[in-house]
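In what follows, a single structure is set out as structure tokens and then discussed.
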Amino acid sequence: MNERDQLEQAITALEAQRAILGDAVVDTALGPMREKLTALQTSSAPTEQRKQATILFADLVGFTSMAERMDPEEVRAITNRFFHHVTPAIRRHGGRIEKYIGDAIMAVFGIPTSDERNPEHAIRAALEMQQAMDSLNRDLERD
Numbered sequence: 002m003n004e005r006d007q008l009e010q011a012i013t014a015l016e017a018q019r020a021i022l023g024d025a026v027v028d029t030a031l032g033p034m035r036e037k038l039t040a041l042q043t044s045s046a047p048t049e050q051r052k053q054a055t056i057l058f059a060d061l062v063g064f065t066s067m068a069e070r071m072d073p074e075e076v077r078a079i080t081n082r083f084f085h086h087v088t089p090a091i092r093r094h095g096g097r098i099e100k101y102i103g104d105a106i107m108a109v110f111g112i113p114t115s116d117e118r119n120p121e122h123a124i125r126a127a128l129e130m131q132q133a134m135d136s137l138n139r140d141l142e143r144d
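Counting with our numbering, you get residues 2 to 144 for the letters of the sequence shown.
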């Protein structure tokens with residue numbers, strides 16, 4: 002039950018006690034309660050907004066089969082390196098990391114500030130991420 006419902010219930014219960022408590026007591030108690038209720042009813046609820054946003058998902062190709070053959074610590078180290086290499090590209094192009102999901106990363110472009118070029122920003126980030134992955138792959142081959 003939200004605050005407004007609780008307040009309405011309390012007002013109703015207090016009104017029911019008017020005969021026992023008297024008008025002066027009930028009216029004194031109800032004044033602030035009704036003011037609060039009015040404030041809750043007239044407060045501006047957040048307005049809904051429709052924005053264009055672009056979602057970018059990226060993960061490691063062949064990760065599941067690779068992870069089955071590797072030590073869990075090695076798997077964690079590789080995913081951490083992956084995230085470390087691709088995250089700057091996302092941020093540089095205005096994206097926000099929404100979540101990490103196993104070996105995947107989900108980024109949003111256009112939240113909180115929408116831009117009609119969100120898709121372009123996401124594509125530029127993805128291209129830069131591919132370059133970062135080339136660098137990471139070379140590093141992994143050397144290790």
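Note that the Cβ used here is the ideal one computed from N, Cα and C, for glycine as well.
None of the values given here were measured: they were computed from a predicted structure.
Whole-angstrom distance between residue j and residue i, CA atom to CA atom
i, j, result
"residue 51", "residue 131", "31 Å"
"residue 127", "residue 75", "25 Å"
"residue 136", "residue 109", "24 Å"
"residue 1", "residue 116", "This structure cannot settle anything about residue 1, because the visible part of the chain is limited to 2 through 144."
"residue 134", "residue 57", "16 Å"
"residue 65", "residue 5", "50 Å"
Sequence-distant residues of its chain with Cβ nearer than 7 Å to residue i (five each side left out)
i, result
"residue 120", "55"
"residue 30", "15"
"residue 68", "76"
Beta-carbon separation (whole angstroms), residue i vs residue j, contact threshold 8 Å
i, j, result
"residue 106", "residue 84", "6 Å"
"residue 88", "residue 98", "6 Å"
Proximity winner among the options, relative to residue i (alpha-carbon distances)
i, options, result
"residue 176", "41, 61, 69 and 25", "Given a span of 2 to 144 for the chain in the structure shown, any question on residue 176 remains unanswerable."
Counting only runs that start and end within the stretch 16-59, where is the beta strand (DSSP E) found for 3 or more residues in a row? Contiguous beta strand (DSSP E) elements confined to the stretch 16-59 occur at 55-59, taking only those with 3 or more residues.
Write down every uninterrupted run of the alpha helix (DSSP H) in the stretch 52-124 whose length is 4 residues or greater and which is fully enclosed by it, in chain order. Counting only runs of 4 or more, we get 64-70 and 73-93.
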